[in-house]
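Chemist:
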Amino acid sequence: MKADIRVALVGNPNTGKSTLFNALTGLNQKIGNFPGVTVDKKIGYSQLPDGRSAEIIDLPGTYSLYPKSRDESIVFSVLAEKATELTPDLVVVILDATNLKRNLLLYTQVADLKIPVIIALNMIDLAKKGGVVINIDLLAKKLGVPVIPISARKLDGIANLKAAISFANKFALQEGSIDVKAIAPDLIDSICKEIDTENPYFALQLAHQHETLKFLTPAQSDRIEELEKEHSFHSQKAQATETIARYNYINDVLYDTVKTPVTAQDESHSNKIDKVLTHRVFGFVIFMGILLFMFQSIFAWSAYPMSLIEDLFVLIQRGLRDALPTGPLTDLLIDGVVAGLSGVLVFIPQIAILFAFISILEDTGYMARVTFMMDKIMRKVGLNGKSVVPLIGGFACAVPSIMSTRTIENWKDRMITIMVTPLVACSARLPVYTLLIALVVPSRNVWWIFNLQGLALTGMYVLSLVSAVIVAWVMKFILKSRERGYFIMELPVYRMPRWNNVLFSMYERAKTFVLEAGKVIIAVSIILWVLSSYGPGDRFKNIETKYSQPQYAQSMKPHSLARVISTEKLENSYAGVLGHTIEPVIRPLGFDWKIGIALITSFAAREVFVGTMATIYSVDGDADRIDSVQQKMRNAKNPDGSPVFTLAVAFSLMMFYAFAMQCASTVAVVYRETKDWRWPATQFVYMTLLAYGAAFLVYNLLK
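For the sequence shown, counting from 1, position 40 maps to 64 in the numbering used here; every step adds exactly one.
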């Protein structure tokens, strides 16, 4: 789509930049990658009041143009590089109206690059509520740029911002903030001549960042390095001088334009809440209580809709069985496609509830407090406080969580976080856990309020976090690095969750689960049905010949005979041969050859376990009896008549799924982030060994 104007959104983290991006673009957006790096690039399109269209680029959040991570380095590169497909015609700088002093530092840096700028003064409603009085007209006059008050969460002022973008001048009008040349006059003059630029701040930034800027040729970078040595340029001292000068300028601007109430003795609501929620003892107790409530709710609230979905699929299978002629295509549709589909859709209520909770915790600002509380613990195991964000995000999915480690500056901290994040119980494990827990853990209350199944699920999630921390502590001694990590994070004020955002998150995540995981599960289910329905050589023909003899028909009822034939065929099918091949290895864990098939197929994606069980027991079952997958597993028997899924087997299986690297997408993203196959290979090996050891231990303790 060709746009008439390209607009870049720039702002500090937690200023509502992403919310504004969504408000401007709606669903008309796409996510890709910035050229040459793995940092996400969000681009959307917005219709302006004058009929033109604007391409909106959401740049990574940063506190300054001096980057401390790969994400932040993108901002200056996009703003500084001329005449590319990303070079903006206009920059919208998003400022938090409740914290202008800190936000204006980034604005003054961007403004001094002399790209046309508009200020979107966000959270203006919260500023007014807090008694902050901003003279917007005077602020705009002093800065020399349009200042548009908005509330991105409430969609207030968005139309005015679009109008301002429409009428934005093509020439930079903003006032100069500081005397940039005074910082390093001779060096700046030399670089301006060398690079052929008239912008002193652009030249100063080249002096600081020339080694990482890809739009400079190696010869230009080397020449800038020579000029730095010639003029005795010290980057850190120059940054400190610049920052002090900028804050002096900001203080002068704010003195005349912003009046804040004297609230030295009156604590803000957020600070009062934080005294309880981030307490060194009670904070952790409350966090554990919230987790417990989450997992209790996942079981309690999802039971009825899951039951409805199961009943619906039983009716669909029965209806198809009655309506369609018998034959391999009907079996493929019912036992392959529909059985696999039921294994996907039945878990939508649980996935939706999990993501509703995660969205609420993020939206209210509580998730930021969790990262703050966990910082000290993380440091003791050799991680950075920022590692908590990927680990907590791992409850949803390891793939975006591993990508979010780019904000961790320290190489060792980042690599350890990448290596342990897949241990955190993601939403793909949820269907496996809930299925197995429902099979062997009774649904009854303990201590009046806690459901036993909910406690078991909570235990699995807590185990995943503890194991990730322990493995991180071990890796702290294995990986060597001289870099020191640090943790800087702003705690946003507490807010009511945006319920439309929560509902959208539930819908998006459930849709992603169905479409992404569903495609894999159904594909695997179809392949598995074929492997389970056909066998090598004349095995199936010999079985039919064997059971067609009169003595079997005389001694067995037709119902029992059909079941024996289907069981023996399954055992001699391609899938059965595969399962029997690995059975000696997994037998010490309590797993039979059928579970072995599920383990193999699950290495594509963990959720496939449920679909595999549905397909295996559909092929193995009686065509006249259509039960839900849970009922089929509950009725499964060993050759000696004992149940297959005992407490020991179920918990052994959960341990295997808790630790094993059974996600092709995660393997791919680890390679993408590290650019070295040794990291995902090491991760795959250590997690598989850990899974085998944990399953072996649990099975032998419980059996």
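For glycine and all other residues, C-beta sits at the position ideal for the given N, C-alpha and C.
None of these values were measured; they are calculated from a predicted model.
Express the C-alpha separation of Q229 and A262 in angstroms, rounding to a whole number.
Modeler: Residue mapping note: residue 262 aligns to position 238 of the sequence shown, counting from 1. Residue mapping note: residue 229 aligns to position 205 of the sequence shown, counting from 1. If I take the Cα positions, the gap works out to 10 Å.
Chemist: Does the stretch 85 to 105 touch the stretch 209 to 221, meaning 3 or more C-beta pairs lie closer than 8 Å?
Modeler: The stretch 209 to 221, when compared against the stretch 85 to 105, does not touch it at the 8 Å Cβ threshold.
Chemist: Considering only heavy atoms of the ligand SAM, does any lie closer than 6 Å to the CB of S425?
Modeler: The ligand SAM is not among the ligands present in this structure, which contains no ligands whatsoever.
Chemist: For Y518, which of helix, strand or coil comes out of DSSP?
Modeler: Locating residue 518 in the sequence shown gives position 494, where the first residue counts as 1. It is coil, neither helix nor strand.
Chemist: What residue from M530, A187, A674 and I358 has the CA that sits closest to F615's CA?
Modeler: Position 591 of the sequence shown, counted from the start, is the residue given in the question as residue 615. The shortest Cα separation from F615 among M530, A187, A674 and I358 belongs to A674.
Chemist: Counting pairs of beta carbons, one from the stretch 476 to 489 and one from the stretch 447 to 467, are three or more of them closer than 8 Å?
Modeler: The stretch 476 to 489, when compared against the stretch 447 to 467, does touch it at the 8 Å Cβ threshold.
Chemist: Using C-beta distances below 8 Å, list every residue in its chain close to A622, excluding the 5 sequence neighbours before and after it, in chain order.
Modeler: Counted from its first residue, the sequence shown places residue 622 at position 598. Excluding sequence neighbours, A622 sits near V632, F633, T636, M637 and I640.
Chemist: Residues bridged to D203 by DSSP?
Modeler: Along the sequence shown, read from residue 1 onward, the residue named residue 203 stands at position 179. Answer is none; D203 lacks a bridge partner.
Chemist: Please go through the stretch 176 to 252 and give each complete alpha helix (DSSP H) segment of 4 or more residues, from N-terminal end onward.
Modeler: With a minimum length of 4 residues, the continuous alpha helix (DSSP H) runs that stay inside the stretch 176 to 252 are 182 to 190, 209 to 219 and 224 to 233.
Chemist: Does the stretch 482 to 498 come close enough to the stretch 662 to 671 to have 3 or more Cβ pairs within less than 8 Å?
Modeler: In short, these stretches do not touch, since the Cβ pair count stays below three.
Chemist: DSSP has Q71 in a bridge; who is on the other side?
Modeler: Indexing the sequence shown from 1 puts residue 71 at position 47. Partner(s): S77.
Chemist: Would you identify the three-state DSSP class for A32, choosing helix, strand or coil?
Modeler: If you number the sequence shown from 1, residue 32 lands on position 8. Correct three-state label for A32: strand.
Chemist: Mind checking P173: buried by the 16 CB within 10 Å criterion, or exposed?
Modeler: Here residue 173 refers to the residue found at position 149 of the sequence shown. Buried: at least 16 other Cβ atoms inside 10 Å.
Chemist: Alpha carbon to alpha carbon, how far is T690 from Q260?
Modeler: Translated into the one-based positions of the sequence shown, residue 690 becomes position 666. Translated into the one-based positions of the sequence shown, residue 260 becomes position 236. Cα to Cα, the separation comes out at about 38 Å.
Chemist: Beta strand (DSSP E) containing I172: first to last residue?
Modeler: As a first step, residue 172 must be located in the sequence shown, where it is residue number 148. Residues V171 to P173.
Chemist: So what does DSSP say about A121, is it helix, strand or coil?
Modeler: Along the sequence shown, read from residue 1 onward, the residue named residue 121 stands at position 97. In this structure, A121 counts as coil in the three-state DSSP scheme.
Chemist: With distances taken from CA atoms, which of K296, E249, I202 and G200 is nearest I219?
Modeler: Here residue 219 refers to the residue found at position 195 when the sequence shown is read from its first residue. Nearest C-alpha to I219: E249.
Chemist: Along the chain, where does the beta strand (DSSP E) containing V141 start, and where does it finish?
Modeler: Counting from one through the sequence shown, the residue named residue 141 turns up at place 117. Per DSSP, V141 belongs to the beta strand (DSSP E) from V141 to N146.
Chemist: Could you work out which residue in A32, G351 and S451 is closest to C687 when comparing CA atoms only?
Modeler: Working through the sequence shown from its first residue, we reach residue 687 at position 663. Checked all of A32, G351 and S451; the closest Cα to C687 is S451.
Chemist: Please work out which residues of its chain come closer than 8 Å, Cβ to Cβ, to I650, disregarding the five sequence neighbours upstream and downstream, and give them in chain order.
Modeler: What you label residue 650 is simply residue 626 of the sequence shown in a count that begins at 1. Confidence at I650 is low in this model, with a pLDDT of 45, below 50, so the placement of that residue is unreliable and no value is reported for it.
Chemist: Would you check if there are 3 or more beta carbon pairs closer than 8 Å linking the stretch 158 to 165 to the stretch 127 to 141?
Modeler: The stretch 158 to 165 vs the stretch 127 to 141: no contact.
Chemist: Indicate whether the contact test is met: 3 or more Cβ pairs, each with one atom in the stretch 75 to 93 and one in the stretch 29 to 36, closer than 8 Å.
Modeler: The answer is yes - the stretch 29 to 36 touches the stretch 75 to 93, with three or more Cβ pairs under 8 Å.
Chemist: Which same chain residues end up closer than 6 Å to L163 when comparing Cβ atoms and leaving out the 5 residues on each side of it in sequence?
Modeler: Position 139 of the sequence shown, counting from 1, holds the residue named residue 163. Cβ within range, chain order: V171 and T281.
Chemist: Note the first and the last residue of the continuous alpha helix (DSSP H) segment covering V370.
Modeler: Locating residue 370 in the sequence shown gives position 346, counting from the first residue. Taken as a continuous stretch (DSSP letters only), V370 belongs to no alpha helix (DSSP H), as it is neither H nor E.
Chemist: Shortest alpha-carbon distance to Q1 belongs to which of A599, E334, N724 and F306?
Modeler: This structure does not reach residue 1, given that the chain is present from 25 up to 727, and the question cannot be answered.
Chemist: With a threshold of 8 Å, are at least 3 pairs of Cβ atoms found where one atom belongs to the stretch 587 to 596 and the other to the stretch 397 to 414?
Modeler: Because the criterion of three Cβ pairs below 8 Å is not met, the stretch 587 to 596 and the stretch 397 to 414 do not touch.
Chemist: What residue from L726, A192 and T350 has the CA that sits closest to D74's CA?
Modeler: Looking up residue 74 in the sequence shown gives position 50. Minimum Cα distance to D74 is reached at A192.
Chemist: Touching or not, the stretch 573 to 580 and the stretch 547 to 561, by the rule of three or more beta carbon pairs under 8 Å?
Modeler: Flag = no, the stretch 573 to 580 and the stretch 547 to 561 do not touch.
Chemist: Starting from R438, follow the alpha helix (DSSP H) in both directions and report where the run begins and ends.
Modeler: Locating residue 438 in the sequence shown gives position 414, counting from the first residue. Looking at the DSSP string, the run of the alpha helix (DSSP H) that includes R438 is W435 to V444.
Chemist: Where DSSP assigns a beta bridge to P667, which residues make up the other side?
Modeler: The sequence position of residue 667 within the sequence shown is 643, counting from 1. K661.
Chemist: Is the beta carbon of I440 sitting closer than 7 Å to the one on A496?
Modeler: Counting from 1 along the sequence shown, the entry for residue 440 is found at position 416. Counting from 1 along the sequence shown, the entry for residue 496 is found at position 472. Yes, these two residues count as a Cβ contact at 7 Å.
Chemist: Which residues bound the alpha helix (DSSP H) around D355?
Modeler: For this step, residue 355 is matched to residue 331 along the sequence shown. Per DSSP, D355 belongs to the alpha helix (DSSP H) from P352 to D355.
Chemist: Buried or exposed: which applies to R533, given that a residue is buried once 16 or more other Cβ atoms fall within 10 Å of its Cβ?
Modeler: Translated into positions along the sequence shown, residue 533 becomes position 509. Buried, since its Cβ has 16 or more Cβ neighbours within 10 Å.
Chemist: Mapping the DSSP letters down to three states, classify V470 as helix, strand or coil.
Modeler: Translated into positions along the sequence shown, residue 470 becomes position 446. Note: V470 maps to strand in three-state DSSP.
Chemist: Restricting to Cα atoms, I'd like to know which of Y723, K404 and P91 is closest to L237.
Modeler: Translated into positions along the sequence shown, residue 237 becomes position 213. With distances taken between Cα atoms, L237 lies closest to P91.
Chemist: Could you tell me which residues DSSP puts in a beta bridge with K535?
Modeler: For the purposes of this step, residue 535 is taken as residue 511 along the sequence shown, with counting starting at 1. Partner(s): none; K535 has no beta bridge.
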